[in-house]
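In full-length UniProt numbering, the protein residues as written are 1 to 351.
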């Protein structure tokens, strides 16, 4: 058993370090691959000797391996997240704000105009909000790779102006594309985007072809205001120091859970659905954060916005926000029939 545990540890640690070297290429494309090949060959030689002979006399090889892996750990955890890279325009500006009591002025609110070919017209705005005017909080889940994984956004309704959406996501450089594997290995910094709903939701439902669901959740006014304040604290933290995104532990859903837990008066249980983020609405339903007058199948049917917005090409932001809320209002006058008779919806697979 001891031999098995040692061998497994060597294999897993070697794979982890090789993946980190492959993604970051600290010595350049060629030399990093030479280093990976040398490291794997050395690892295999150690395993071969250890498994076939169990020679304690070869402890020097094991010590060399441990030294090499330790140096790899120092290199990896010594990498600092940065603020000054050549960022993709979508995440080029950082959110910052001023606050006087309940009045908040947000700078660099994104309100891009997205075009069908994926291009966009940049527009960054300054908006003012009164926290006392928050009237609702919504969870938006956007699916792009099956029912288990979704990007999670949060939007706030206001009595006196348009909603505002927050998205915690990777901060991509211009040459980068998203990689879930890269997200495990410090490939991306963390970004907080505050945006107009039409910007940040329309680009997913209409430009990228993701399946988007809109869920109003039940928070009292104090919790809703405190959650908005948590986003401001997150903006402060990212402005003070860049942080790494992590696919498993520091992503759009786990960080949202941490913020909701911070403002809630009760403890929420740990659950696999915090990592399988596509099932977050089911978790919220079990916590009674979603209204129980409907079951989850009905919620998914009502919350699905794509049938209502898929043919839109030019719509005002206010009309877009109103349209994605159709069918999910919690009052008795909610329009619940027309959005879901759309023929393209009938073949959708619900998460």
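Glycine is no exception: its CB is placed at the ideal position from the N, C-alpha and C atoms.
Item to check | Rounded straight-line distance, which links the Cα of residue 65 to that of residue 10 | outcome: 9 angstroms
Item to check | residue 240 beta carbon less than 8 angstroms from that of residue 189 | outcome: no
Checklist entry - What separation, rounded to the nearest whole angstrom, lies between the Cα atoms of residue 91 and residue 47? => result 45 angstroms
Item to check | Separation of residue 181 from residue 31, as counted between CA atoms | outcome: 22 angstroms
Checklist entry - For residue 197, is the classification buried or exposed, using 16 other Cβ atoms within 10 angstroms of its Cβ as the cut-off for buried? => result buried
Item to check | Limits of the unbroken beta strand (DSSP E) element including residue 309 | outcome: From DSSP, residue 309 is part of no beta strand (DSSP E) but of the alpha helix (DSSP H) over 306 to 309.
Checklist entry - Is it the case that the Cβ atoms of residue 201 and residue 193 are separated by a distance below 8 angstroms? => result no
Checklist entry - Taking the runs of the beta strand (DSSP E) that are 3 residues or longer, which of them lie wholly in the segment 124 to 182? => result 124 to 130, 134 to 143, 150 to 158, 164 to 171
Checklist entry - Does the Cβ-Cβ distance between residue 219 and residue 232 come in under 8 angstroms? => result no
Checklist entry - To which residues of the same chain is residue 278 closer than 8 angstroms at the C-beta, ignoring the five residues directly before and after it? => result 141, 143, 146, 147, 148, 149, 150, 351
Item to check | Distance between residue 18 and residue 5 (C-alpha atoms, nearest Å) | outcome: 20 angstroms
Next on the checklist: Taking the alpha-carbon of residue 187 as reference, which of 247, 163, 225 has the nearest alpha-carbon?
Outcome noted: 247
Next on the checklist: Can you look up residue 315 in the DSSP assignment and give me helix, strand or coil?
Outcome noted: coil
Item to check | Residues sharing a beta bridge with residue 189, DSSP | outcome: 171, 244
Checklist entry - Do the CB positions of residue 104 and residue 129 come within less than 8 angstroms of each other? => result yes
Next on the checklist: I need the straight-line Cα distance from residue 158 to residue 229, nearest angstrom please.
Outcome noted: 15 angstroms
Next on the checklist: Once DSSP output is grouped into helix, strand and coil, what is the label at residue 250?
Outcome noted: strand
Checklist entry - Going by DSSP, which residues form a beta bridge with residue 110? => result 124, 195
Next on the checklist: Please classify residue 266 as buried or exposed, where buried requires at least 16 neighbouring CB atoms within 10 angstroms.
Outcome noted: exposed
Checklist entry - Quick one: is residue 183 buried, meaning 16 or more other Cβ sit within 10 Å of its Cβ, or exposed? => result buried
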